[in-house]
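Q: Can you read through this structure? Questions will come right after.
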Amino acid sequence: MPEYRVQVLEDILRRLHKSVDGLHGTVVVSIEGFVVAAYSGEGRSRTSNPVDSPQIAAMAAAIIALGERVLGRLARGEIDRILLDGTEGGIIVVPAGPEAAVATMVNKEAKLGLVMHELRRSSREVYKVLVRTAQEEKVR
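Under the working numbering, read the sequence shown as residues 73 to 212, first letter to last.
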């Protein structure tokens, strides 16, 4: 993916973090489990908040694959979002088209309704960028 597209995706993630409180980091992942773009949050180093680690991307891809299998088996449609809520916070994964997803880590104080609304909006923006990138690559 061209570097400028990664920067556009990181800007989308940055705007998400500015629009809601309680996010610890957000990553765009491919369904294969690779990091496409990541944002750790203002003032956070990547070592103290390794949101762009391959492990986070692989786990998010695995969560999506399992969710798709469960919903398919139960004939419940497609994934809208996946929320894993733990005692210290959670992770929300939202599809960004058929080939990618946006995963964000949230703290316990986050307003989940607002986070999910903004995350859905951001995932639509991510999808548009990824579609444009794919179309440009086909033209080449």
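Don't be surprised by glycine CBs; every beta carbon is placed ideally from N, CA and C.
Contact defined as beta carbons within less than 8 Å: I believe I103 pairs with E171. What is the distance between those atoms, to the nearest angstrom?
A: As a working note, residue 103 is residue 31 in the sequence shown. As a working note, residue 171 is residue 99 in the sequence shown. Indeed, because the Cβ distance is near 6 Å, the residues count as touching under 8 Å.
Q: Closest by CA to H220, which one among E209, I136, L186 and A206?
A: Any answer about residue 220 is impossible in this case: the structure gives the chain only from 73 up to 212.
Q: Applying the 10 Å Cβ sphere with the 16-neighbour rule, what's the burial state of A137?
A: Translated into positions along the sequence shown, residue 137 becomes position 65. So A137 ends up on the exposed side.
Q: Three-state secondary structure (DSSP) at S195?
A: Locating residue 195 in the sequence shown gives position 123, where the first residue counts as 1. It is helical.
Q: L95 lies in the beta strand (DSSP E); which residues open and close that run?
A: Indexing the sequence shown from 1 puts residue 95 at position 23. Segment L95 to S102, the beta strand (DSSP E) holding L95.
Q: Among G105, Q79, Y76 and G162, which has the Cα closest to the Cα of K183?
A: Indexing the sequence shown from 1 puts residue 183 at position 111. Among G105, Q79, Y76 and G162, the Cα nearest to that of K183 is on G162.
Q: How would you call T159, buried or exposed, if buried means at least 16 neighbouring beta carbons within 10 angstroms?
A: Sequence index remark: in the sequence shown, residue 159 carries index 87 (1-based). Exposed, by the Cβ-count rule.
Q: Return the Cβ separation of I164 and L191 in integer angstroms, given the expectation that the two are a contact with Cβ distance under 8 Å.
A: Translated into the one-based positions of the sequence shown, residue 164 becomes position 92. Translated into the one-based positions of the sequence shown, residue 191 becomes position 119. About 6 Å; that satisfies the 8 Å criterion.
Q: Could you pull the start and end residues of the alpha helix (DSSP H) that P126 belongs to?
A: Mapped onto the sequence shown, residue 126 falls at position 54. Run containing P126: P126 to R145, per the alpha helix (DSSP H) assignment.
Q: Let me make sure I understand the geometry here. Which of D83, R77, V78 and T98 has the alpha-carbon closest to that of M188?
A: In the sequence shown, residue 188 corresponds to position 116, counting from 1. Taking only the C-alpha atoms, the option nearest M188 is T98.
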